[in-house]
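**Student:** Reading the sequence shown from the start, the letters are residues 22 to 490 in the numbering used here. Idealized CB from N, CA, C, for every residue including glycine. Note that the coordinates shown come from a computational prediction; the quantities given were computed from them, not determined experimentally. Handing you a structure now.
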Amino acid sequence: MSHRRIALLLLFLALAAASFVERVESRLTPREAARLREGKAALERLGLVIGRSDGGSDDIHPSTATVAAAASDRATATVAAVASDTSSASNGDRIRTPSNRQATAAVAAAASDPTGASTASSIRISIGTSKCWWCWGGGGGGSTKKSTGGSTIGFMRPYSGRVPSYAAKSVSFKGGAVMSQPLEVYAAKSVSFKGGAVMSQPLEVYLIWHGTWPASQKTPIQKFVDSISEATLANKPGSVKDWWNINRLYKSGATFVTPTVSRSNTEIDVAAASAASGQTPLKKADLLALINFQILSGSLPRISSAVYVILTSSDVDVDGFGSDFCAFHDASGSIKWAWVGMPDRFLARCTHAVAAGLEYPNGDRILDGAISNFAHVLSETVVNPKPGATWADDAGNENVDLCADIWGTEYLTDDSPAVQYNTVGVDDYKFFLPTILNPSTGFCMNGLSVLPGVCGTKLFNYPCDTGGV
Numbered sequence: 022m023s024h025r026r027i028a029l030l031l032l033f034l035a036l037a038a039a040s041f042v043e044r045v046e047s048r049l050t051p052r053e054a055a056r057l058r059e060g061k062a063a064l065e066r067l068g069l070v071i072g073r074s075d076g077g078s079d080d081i082h083p084s085t086a087t088v089a090a091a092a093s094d095r096a097t098a099t100v101a102a103v104a105s106d107t108s109s110a111s112n113g114d115r116i117r118t119p120s121n122r123q124a125t126a127a128v129a130a131a132a133s134d135p136t137g138a139s140t141a142s143s144i145r146i147s148i149g150t151s152k153c154w155w156c157w158g159g160g161g162g163g164s165t166k167k168s169t170g171g172s173t174i175g176f177m178r179p180y181s182g183r184v185p186s187y188a189a190k191s192v193s194f195k196g197g198a199v200m201s202q203p204l205e206v207y208a209a210k211s212v213s214f215k216g217g218a219v220m221s222q223p224l225e226v227y228l229i230w231h232g233t234w235p236a237s238q239k240t241p242i243q244k245f246v247d248s249i250s251e252a253t254l255a256n257k258p259g260s261v262k263d264w265w266n267i268n269r270l271y272k273s274g275a276t277f278v279t280p281t282v283s284r285s286n287t288e289i290d291v292a293a294a295s296a297a298s299g300q301t302p303l304k305k306a307d308l309l310a311l312i313n314f315q316i317l318s319g320s321l322p323r324i325s326s327a328v329y330v331i332l333t334s335s336d337v338d339v340d341g342f343g344s345d346f347c348a349f350h351d352a353s354g355s356i357k358w359a360w361v362g363m364p365d366r367f368l369a370r371c372t373h374a375v376a377a378g379l380e381y382p383n384g385d386r387i388l389d390g391a392i393s394n395f396a397h398v399l400s401e402t403v404v405n406p407k408p409g410a411t412w413a414d415d416a417g418n419e420n421v422d423l424c425a426d427i428w429g430t431e432y433l434t435d436d437s438p439a440v441q442y443n444t445v446g447v448d449d450y451k452f453f454l455p456t457i458l459n460p461s462t463g464f465c466m467n468g469l470s471v472l473p474g475v476c477g478t479k480l481f482n483y484p485c486d487t488g489g490v
């Protein structure tokens, strides 16, 4: 076929396509007609005119005429028809050629996408026989078609997404260290309700000092208890009261753990034989007998909403201390009680070490360890008065057991050397309290208003924040 005939054929096809567009547009719904006009306008903005090739190449086939055009900017010209609704698609028109072949003209709509990758585009007008093997868009996903007397016009559903363009990016080494040690990832944990009752009534704490207790050791422990319900600490992130509020998320039925905790003015001092002098280690039954004796003798009242806490000094030996437990709690009838010992012989297991060069909240690792253990069993007592009967996991672990060695958000004072702590109480006393499992999120937290750990935890293992609360 001569170049002249080819040019005439292309001109004929362009005129036919333009006529077809006008005739199809008259049959479209207003919405479809608007899309078609937008497609035509987009073509003109890109320099693509139906029937004309701008810098493209012609590929002539006995049954197919292709006019290719390349997009000249960061745009993608997509071969598509504008109708997207099968119920309103035009029946289409047949274009008759001199050889009496039926033809379907498909109009290409080019969409300019500033974020798309620059690609070539093409406008394809196909001519074929009435068997319709040539019908563009006549099948496949994303197209819609209607058959009209042996010919088909297909409408490809317009693509509604955006094709992103990504430029290569880079980071540079700043001289720090990567985490090269094995990483222990913290996973959310949970306890389930076992049917028992939480302690919901105002709680009174009775302290029984067993052994040798100087005032310098008693006072920080007393300040910890006094801080739990201190009004001035309300809603203060990182406070002892904020720490206690995690317990208040636990409930039995519609009854939640009490927000009110007070230290009784009645405290008992009990002398004991020195462990160094051959004292027989006290057993759990001995400790419970000591509480019952104080109640039966009238020294202490019997109150179901109270917790009786025996604290043994460094010179008192307790069977299983350091090997089986660092502290514990239990219930005997209506009596809820707990035991805490001074862990000077079990520092590695029963205390938390601060970072090198820093000071302990109360200047004594042993005392701060005892306060932490006291907080541990007091929290578990109100949530789970009888171990395993109210809130626990399937192995019997309680709300603080599941947070072992996770200390939450830690702070540093401006002193030199700085004091490391994670909670603050009355009279600016500072403590290292254990984190408590938040039953709603599965995270171990040292305050309801504090994010679940930004340092010193198994999840976040980088230096602690400076400054206090």
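Within the continuous alpha helix (DSSP H) that includes residue 386, where are the two ends?
**Tutor:** That run of the alpha helix (DSSP H) goes 386-404.
**Student:** Which of the three DSSP states is assigned to residue 347 in this structure?
**Tutor:** The answer is coil: DSSP assigns residue 347 none of H, G, I, E or B.
**Student:** Go through its chain and collect everything with a Cβ distance to residue 463's Cβ below 7 Å, but skip five positions before and after it.
**Tutor:** These residues qualify, in order along the chain: 209, 210, 211.
**Student:** Under the assumption that residue 393 contacts residue 363 (Cβ atoms under 8 Å), give the Cβ distance between them as a whole number of angstroms.
**Tutor:** 12 Å between Cβ atoms; not a contact.
**Student:** Note the first and the last residue of the continuous alpha helix (DSSP H) segment covering residue 292.
**Tutor:** Element bounds for residue 292: n/a, residue is neither H nor E.
**Student:** Contact check, residue 291 vs residue 229 under 8 Å by CB: the rounded distance?
**Tutor:** Confirmed, about 6 Å.
**Student:** How is the beta strand (DSSP E) around residue 284 delimited, first residue to last?
**Tutor:** Looking at the DSSP string, the run of the beta strand (DSSP E) that includes residue 284 is 282-284.
**Student:** For the alpha helix (DSSP H) that contains residue 240, what are its first and last residues?
**Tutor:** Segment 236-248, the alpha helix (DSSP H) holding residue 240.
**Student:** If I'm right that residue 445 touches residue 395 with Cβ under 8 Å, what's the distance once you round it to whole angstroms?
**Tutor:** No, residue 445 and residue 395 are not in contact; Cβ-Cβ is about 17 Å, not under 8 Å.
**Student:** Going by C-alpha distance, which of 378, 317, 390 is nearest residue 332?
**Tutor:** For residue 332, the nearest C-alpha among the options comes from 390.
**Student:** Kindly indicate the opening and closing residues of the beta strand (DSSP E) around residue 543.
**Tutor:** This structure cannot speak to residue 543, because the chain is shown only from 22 to 490.
**Student:** Who are the near neighbours of residue 315 in its chain, counting only those whose CB is closer than 7 Å to its CB and skipping five residues on each side?
**Tutor:** Same-chain partners within the cutoff: 229, 289, 321.
**Student:** Is the beta carbon of residue 245 less than 8 Å from the beta carbon of residue 261?
**Tutor:** Their beta carbons are under 8 Å apart, which means residue 245 touches residue 261 by this criterion.
**Student:** Can the beta-carbon of residue 420 be found closer than 8 Å to that of residue 404?
**Tutor:** Cβ distance < 8 Å, so residue 420 and residue 404 count as in contact.
**Student:** Give the DSSP-derived three-state secondary structure of residue 367 in the structure shown.
**Tutor:** Reduced to three states, the DSSP call for residue 367 is coil.
**Student:** In angstroms with no decimal places, state the Cα-to-Cα distance between residue 344 and residue 412.
**Tutor:** Approximately 25 Å between the Cα atoms of the pair.
**Student:** Does the distance from the C-beta atom of residue 376 to that of residue 359 stay below 8 Å?
**Tutor:** No, the Cβ-Cβ distance between residue 376 and residue 359 is not below 8 Å.
**Student:** Let me make sure I understand the geometry here. Which of 223, 336, 326 has the alpha-carbon closest to that of residue 231?
**Tutor:** Closest option to residue 231, Cα to Cα, is 336.
**Student:** Check the Cβ-Cβ distances between residue 391 and every residue of chain B, and say whether any is below 8 Å.
**Tutor:** Of the protein chains in the structure, only one exists, and it is not chain B.
**Student:** Is the beta carbon of residue 398 less than 8 Å from the beta carbon of residue 429?
**Tutor:** Going by C-beta atoms, residue 398 is not nearer than 8 Å to residue 429.
**Student:** Just tell me which of 29, 222, 435 has its CA closest to the CA of residue 328.
**Tutor:** It is 222.
**Student:** With respect to the alpha helix (DSSP H) encompassing residue 312, which residues constitute its N-terminal and C-terminal limits?
**Tutor:** Segment 305-317, the alpha helix (DSSP H) holding residue 312.
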